[in-house]
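Enquirer: Next up is a structure, given as structure tokens.
Laid out in structure tokens, this is it:
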């Protein structure tokens, strides 16, 4: 069969066998403007029957017809509509050294320029905002929710008005969410099945069944410009089996949603699921992009994962999404989130934060967030954001906005909401301008910390109550404790990232570092010199204590070599905080951590095991330590400890280890980190899986590579992927210096 040709269903072939050829068809009339022409072959069975009756596809009741019920219960055998997008998407520019892109597409109501942010109008209104304010902000698309609009006001009213645009007097585009997230948010009051989700209406307590067909039928009644396929959303931290089941159900529902759409001129987006499992995300993206959707969404994020995991997941998916269709990251997020997602190739966003935080008195500004609940603003005569030209900033002082909030006046929510939406829209326009101008990377680097800044105006005071004292005991410096399943985790309040957000820290330390490094086996070999471990990023000491516990569990006669663990840490607050709560950090129920903090050293009575602490900057303190045999490379994150992940840092480390068989183990499988390790002179291999990460990274010095190791080195397949990647450059590579590129491509690991 020729490429692009549609396979005919077997029953069609048998029914048509032996028939004489049909007479040539008469020329068709041209399609109406803005509406693509489809032949009858590309319509679902239901739509073809309706055309024979010369009536529009069934939609009056908001329910799928019987013919469609039969269609989706059988194996899918009908060809899909043409793959030509209904949005006429045009990619205008992609930023150098980034996946950030500027594009445009046309809906039935207006042209949309990307990147774009969609204010959330769940019930056909953006809470606290007038239509005029939304138009003035530059909003190009509003988001409405199918689940809520199905329950109230229902499909009949939208059909009476001719759709949501006339109903709410909105002249620009509308995107409707399918209701999948709302189903997810009702875990105790809904039943999930292959056909859909059954739940109780919060309006009249009636039982509602939301299937892919009913979701699409309702979105047709609403008349949105862009519809979303129904998906099953699960927490991003679920186990693999649950994530796979939800992903596969989402794929089947995606097919049914396309069938239900038929020849409607409305665009339809498919949704990629898979929780935080990179391999499932890639599998889902591969399946969804095989279907003729008009755009693709990344769903199931901002529901429990860390910021770093969300960014990694976004980058994983955008790398394989088609370049010629829009990409939509659902439900995200802060201005910093938007900046990072645009950098990773996302075009469209929605989130309730601009209006939801406005109700709390929180404003997004060019200087970071401002919290109007703080008394420091009571007499401030300045504007909320001196750089903003929105009606709020032009007309009112911060002191007045503080007064409105203090007196519980609803105008406070409305005015701060006006500003926040203006700020979001202006940020989108500015990002687009920098992408088109070729200055994206400079803008991105300059804005990362600015957008993430927290309110620092005036003195910080807080009434000390029993509750605040208890909360303060869970915080120290920039860190705080989060507890899930009776296991403590450390959160960086500045970056928002969580150490071991998904995995049990003790289990990850055991499998990723202790077992993978073959620590116990190495200690069985008689050697007069100690085995040296560098623990880079002490944190709450999970990795160091995993090594110590593994050694202490060995019979004395099997320990034939001394072990020296050298931990590096620039900020000891996380360990000091964890030591306050041994209930949640069970690995710290040992004398060693407290002695280490007190004396920078702990050892066993026999001297067979020694633990040293080198506090301060690792880039300086590493020269004070003995050369390592093993490196547990576990800095908090690429974001908070970026200096440790640069090409220069790895080059210095490679030079230190040049005369020793050293192996380095780290949790990331980042393309740019692996490129930096290769360019520095390490040999790089795939490491074991760790929670949602399907693999990690091992780096070996040349002497370690020369020994029997059994590691799976990266090969030509990875090199080819790296050459296609937008993240080729190692972090910290000097502008204009391309020597790292030849160091990677010419690395002896790849046989060149």
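Numbering (the working numbering), first residue to last: 1269 to 2020. Beta carbons: idealized from backbone N, C-alpha and C, even for Gly. A quick note: this is a predicted structure, and the numbers were derived from the prediction, not measured.
#1: Just how far apart, CA to CA, sit residue 1938 and residue 1703?
#2: Per DSSP, which one or two residues make a beta bridge with residue 1744?
#3: Residue 1447 and residue 1483 - do their beta-carbons sit closer together than 8 Å?
#4: Please check the pair residue 1581 and residue 1544, which I expect to be a contact at CB under 8 Å, by giving their CB distance rounded to whole angstroms.
#5: Which of helix, strand or coil does DSSP assign to residue 1598?
#6: Note the first and the last residue of the continuous alpha helix (DSSP H) segment covering residue 1833.
#7: Candidates 1720, 1354, 1565 and 1566: which alpha carbon is nearest residue 1765's?
#8: Just to confirm before moving on: does the CB-CB distance between residue 1498 and residue 1525 stay below 8 Å?
#9: What alpha helix (DSSP H) runs, 4 residues minimum, are completely inside the segment 1875-1947?
#10: Going by DSSP, what residue range makes up the beta strand (DSSP E) through residue 1437?
#11: Would you call the segment 1418-1426 and the segment 1696-1714 in contact, with 3 or more CB pairs under 8 Å?
#12: So is residue 1367 buried or exposed if we call it buried at 16+ other beta carbons inside 10 Å?
#13: Could you tell me which whole beta strand (DSSP E) segments of length 3 or greater appear in the segment 1772-1834?
#14: Give me whichever residues DSSP pairs with residue 1658 in a beta bridge.
#15: Distance, Cα to Cα, residue 1912 vs residue 1570?
#16: Answer yes or no: do residue 1953 and residue 1920 have a C-beta to C-beta separation smaller than 8 Å?
#17: Can you tell me which of the three DSSP states residue 1468 falls into?
#18: Cα-Cα, which of 1513, 1494 and 1536 is closest to residue 1522?
#19: Taking only the alpha-carbon atoms, compute the straight-line gap between residue 2012 and residue 1931 and give it to the nearest angstrom.
#20: Could you compute how far the alpha carbon of residue 1994 sits from the alpha carbon of residue 1616?
#21: Between the segment 1503-1516 and the segment 1462-1481, do three or more beta carbon pairs fall short of 8 Å?
#22: What number of angstroms, rounded off, separates the C-alpha of residue 1789 from the C-alpha of residue 1970?
#23: Return helix, strand or coil for residue 2029, following the three-state DSSP convention.
#24: Can you tell me where the alpha helix (DSSP H) with residue 1556 in it begins and where it stops?
#25: Output the boundary residues of the beta strand (DSSP E) element that contains residue 1358.
#26: Taking just the CA atoms, how far does residue 1396 sit from residue 1485?
#27: Nearer than 7 Å: is that true of the beta carbon of residue 1482 relative to any heavy atom of the ligand ZN?
#28: Where does residue 1602 land, buried or exposed, given buried means 16+ other C-beta within 10 angstroms?
#29: Exposed or buried, which one is residue 1506 when buried takes at least 16 other CB atoms within 10 Å?
#30: Pick out whichever of 1534, 1663 and 1723 has its Cα sitting closest to the Cα of residue 1641.
#31: Does the structure place the segment 1604-1614 close enough to the segment 1645-1654 that three or more beta carbon pairs sit under 8 Å?
#32: Identify which residue in 1451, 1479 and 1827 has its Cα closest to the Cα of residue 1463.
#33: Let me make sure I understand the geometry here. Which of 1875, 1951 and 1651 has the alpha-carbon closest to that of residue 1978?
#34: Using only the alpha-carbon positions, how far apart do residue 1449 and residue 1577 sit?
#35: Roughly how far, in whole angstroms, is the beta-carbon of residue 1565 from the beta-carbon of residue 1495, given that I think they are within contact range, below 8 Å?
#36: Under the DSSP definition of a beta bridge, which residues are partnered with residue 1619?
Expert: Considering the structure as presented:
#1: Taking the first residue of the chain shown as 1, we reach residue 1938 at position 670. Taking the first residue of the chain shown as 1, we reach residue 1703 at position 435. Answer to the nearest angstrom: the Cα atoms are 24 Å apart.
#2: As a working note, residue 1744 is residue 476 in the chain shown. 1747.
#3: Numbered from its first residue, the chain shown carries residue 1483 at position 215. Numbered from its first residue, the chain shown carries residue 1447 at position 179. Going by C-beta atoms, residue 1483 is nearer than 8 Å to residue 1447.
#4: To locate residue 1581, count along the chain shown from 1; it is residue 313. To locate residue 1544, count along the chain shown from 1; it is residue 276. Separation of the CB atoms of residue 1581 and residue 1544 is rounded to 6 Å, and the pair is thereby assigned contact status at 8 Å.
#5: Within the chain shown, residue 1598 is the residue found at index 330, counting from 1. If DSSP states are grouped into helix, strand and coil, residue 1598 belongs with coil.
#6: For the purposes of this step, residue 1833 is taken as the residue at position 565 of the chain shown. For residue 1833, no alpha helix (DSSP H) run applies; the uninterrupted beta strand (DSSP E) run containing it begins and ends at 1831-1837, by DSSP.
#7: Against the chain shown, residue 1765 aligns to sequence position 497. Comparing Cα positions, the closest option is 1720.
#8: Mapped onto the chain shown, residue 1498 falls at position 230. Mapped onto the chain shown, residue 1525 falls at position 257. The beta carbons of residue 1498 and residue 1525 sit closer together than 8 Å.
#9: 1886-1889 and 1915-1924
#10: Here residue 1437 corresponds to residue number 169 of the chain shown, with the count starting at 1. Note, residue 1437: premise wrong, no beta strand (DSSP E); not H, not E.
#11: no
#12: Translated into positions along the chain shown, residue 1367 becomes position 99. Buried: at least 16 other Cβ atoms inside 10 Å.
#13: 1799-1804
#14: Start at 1 with the first residue of the chain shown, and residue 1658 comes out as number 390. Residue 1658 pairs with nothing; no bridge assigned.
#15: In the chain shown, residue 1912 corresponds to position 644, counting from 1. In the chain shown, residue 1570 corresponds to position 302, counting from 1. So the alpha carbons of these two residues sit roughly 27 Å apart.
#16: One-based indexing of the chain shown puts residue 1953 at position 685. One-based indexing of the chain shown puts residue 1920 at position 652. Not in contact: residue 1953 and residue 1920 (Cβ atoms no closer than 8 Å).
#17: To locate residue 1468, count along the chain shown from 1; it is residue 200. When secondary structure is reduced to three states using DSSP, residue 1468 falls in the strand class.
#18: On the chain shown, residue 1522 is found 254 positions in, with the first residue counted as 1. Comparing Cα-Cα distances from residue 1522 to each of 1513, 1494 and 1536, the minimum goes to 1536.
#19: Taking the chain shown and counting its residues from 1, the one referred to as residue 2012 is at position 744. Taking the chain shown and counting its residues from 1, the one referred to as residue 1931 is at position 663. Distance between the alpha carbons of residue 2012 and residue 1931 is about 19 Å.
#20: If you number the chain shown from 1, residue 1994 lands on position 726. If you number the chain shown from 1, residue 1616 lands on position 348. One C-alpha to the other measures close to 19 Å.
#21: no
#22: Counting from one through the chain shown, the residue named residue 1789 turns up at place 521. Counting from one through the chain shown, the residue named residue 1970 turns up at place 702. Approximately 21 Å, taken between the alpha carbons.
#23: Absent from the model: residue 2029. The displayed extent of the chain is 1269 to 2020, so no value can be given.
#24: For this step, residue 1556 is matched to residue 288 along the chain shown. 1546-1556 is the span of the alpha helix (DSSP H), which, as asked, contains residue 1556.
#25: As a working note, residue 1358 is residue 90 in the chain shown. Run containing residue 1358: 1358-1362, per the beta strand (DSSP E) assignment.
#26: Position 217 of the chain shown, counted from the first residue, corresponds to residue 1485. Position 128 of the chain shown, counted from the first residue, corresponds to residue 1396. Rounded to the nearest whole angstrom, the CA to CA distance from residue 1485 to residue 1396 is 29 Å.
#27: Annotation note on the ligand ZN: not contained in the displayed structure, which lists no ligands.
#28: Here residue 1602 refers to the residue found at position 334 when the chain shown is read from its first residue. By the neighbour-count rule (16 or more Cβ atoms within 10 Å), residue 1602 is buried.
#29: Along the chain shown, read from residue 1 onward, the residue named residue 1506 stands at position 238. Residue 1506 should be labelled buried.
#30: For this step, residue 1641 is matched to residue 373 along the chain shown. Checking every option, the nearest Cα to that of residue 1641 belongs to 1723.
#31: no
#32: Position 195 of the chain shown, counting from 1, holds the residue named residue 1463. Residue 1479 is the option with its Cα nearest to residue 1463.
#33: Here residue 1978 corresponds to residue number 710 of the chain shown, with the count starting at 1. It is 1951 whose Cα lies nearest to the Cα of residue 1978.
#34: The residue given as residue 1449 occupies position 181 in the chain shown. The residue given as residue 1577 occupies position 309 in the chain shown. One C-alpha to the other measures close to 20 Å.
#35: Translated into the one-based positions of the chain shown, residue 1565 becomes position 297. Translated into the one-based positions of the chain shown, residue 1495 becomes position 227. Not really, about 11 Å apart at Cβ, beyond 8 Å.
#36: Translated into the one-based positions of the chain shown, residue 1619 becomes position 351. DSSP, once it has assigned bridges, lists 1387 as partnering residue 1619.
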